[in-house]
Amino acid sequence: MDFFLGDALTSVRHVNKTDVVTLGSTFGSLSNIMDASMEDLARCPGIGERKVGRLHDTFHEPFKSAVPIHAPVAENPTNNEACPPLEAKETRNTSGSKRKAVVQAEREEDDA
């Protein structure tokens, strides 16, 4: 069994090493497995409806990102109020030991 084929296929839920051997010997490569129809996958012994569905979805559904890759950034901050300075403060964790934490400095209210 090819390590990379096994690693790729066993990352699909419910697909085990025995399934990898079956799929690998039937289709010969990951590319051929990815191109196989659901009917072709279902003809393999031990590959039931649930595994066929998982394999097909894994290879044909687009990857989705639940979290944006880049956090939104303020456009052209022009003063220090847009980016308050950071300062180190001594804090205590739940066990009572001291540690330093970097926290955002509190902005002072205008006296005016």
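Residue numbers for the sequence shown follow the numbering used here, beginning at 822 and rising by one. Ideal Cβ positions, reconstructed from N, Cα and C, are used throughout, including at glycine. On a predicted model such as this, the values are computed, not experimentally measured, just so you know.
Reducing DSSP to helix, strand and coil, say where residue i ends up.
i      : result
His835 : coil
Asp931 : Low per-residue confidence applies at Asp931: pLDDT is 44, beneath 50, and the placement is therefore not dependable enough to give any value.
Ala829 : helix
Gly849 : coil
Ala863 : helix
Gly869 : coil
When you compare only the Cα positions, how much space is there between residue i and residue j?
i      : j      : result
Ala829 : Val873 : 15 Å
Pro883 : Val836 : 20 Å
Thr831 : Asp878 : 14 Å
Ser846 : Pro866 : 12 Å
Ala857 : Thr843 : 14 Å
Ser852 : Arg871 : 21 Å
Phe839 : Gly827 : The sequence shown places Thr at residue 839, rather than the Phe named in the question. Computed Cα separation, rounded: 10 Å.
Phe848 : Met859 : 13 Å
Gly869 : Ala863 : 6 Å
Check this for me: beta carbons of residue i and residue j, under 7 Å apart or not?
i      : j      : result
Leu876 : Val841 : no
Met955 : Phe825 : As shown, the chain starts at 822 and ends at 933. That puts residue 955 outside it, with no answer to give.
Mind checking if residue i is an interface residue toward chain D, Cβ cutoff 7 Å exclusive?
i      : result
Thr879 : Considering every chain present, this structure includes no chain D. It has just one protein chain.
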